[in-house]
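J.:
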Amino acid sequence: MRMKRPGARDLLVWVAGGALLLAMVVDTLAMFGRQVRFPLPGSIELVQAAVLFAACGSLVVATRAAAHARVHLLLDRATGGTRRVMQFVNAVASALVYLALLAGSLWIAADLWGAQEESEIWHLPYRPLRIAAVLTTAWLLLLALRGLLRPGETR
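Heads up: the sequence shown runs through residues 4 to 158, numbered per the numbering used here.
Here it is in structure tokens:
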């Protein structure tokens with residue numbers, strides 16, 4: 004049997020899955036620690052940072068595979084031209100949402116670039132987290148625009 008060479012998708016799945024697992028472990032340890040009177044200070048900071056990377060990876064994987072959750076109530080009942088128009092409107096709306104998220108993320112990142120922000124307890128710097136969010140949103144926007152130009156292509 005031939006093994007498939009790992010690619011960008013596999014790496015994203017591992018990073019996102021590992022980050023989600025890390026968030027679950029930290030939150031579980033924090034909850035258990037509170038019960039036995041040995042709390043984990045700053046657990047929320049760690050969970051939030053891990054969830055950012057889990058969300059970034061999973062959004063890109065789902066977008067590349069065209070596997071986002073959809074409400075099929077109307078789409079499954081539409082045929083022909085109506086269905087194509089609905090899919091086009093959905094693709095345009097997705098691109099506009101990603102554009103708005105990118106603009107807002109860039110605005111905040113630019114405004115606070117020199118601020119040396121960090122979390123209160125673990126002193127996690129916010130700049131790398133903002134960079135990850137901006138790069139992910141830009142990637143999602145590019146994927147959405149490519150989907151508009153080449154409908155039906157998932158990669």
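Beta carbons are placed, not taken as given, at the ideal position from N, Cα and C, and that holds for glycine.
1. Answer yes or no: do Arg-133 and Leu-115 have a C-beta to C-beta separation smaller than 9 Å?
2. Determine the direct distance from the alpha carbon of Thr-66 to that of Val-28, and round the result to whole angstroms.
3. If you run the structure through DSSP and keep just helix, strand and coil, what is Glu-48?
4. Candidates Glu-123, Gly-107 and Pro-128: which alpha carbon is nearest Gly-117's?
5. Thinking C-beta only, is Ala-57 closer than 9 Å to Leu-105?
6. What residues match up with Pro-128 in a beta bridge as DSSP calls it?
T.: On the basis of the supplied data:
1. yes
2. 27 Å
3. helix
4. Pro-128
5. no
6. Under DSSP, Pro-128 forms a beta bridge with Glu-121.
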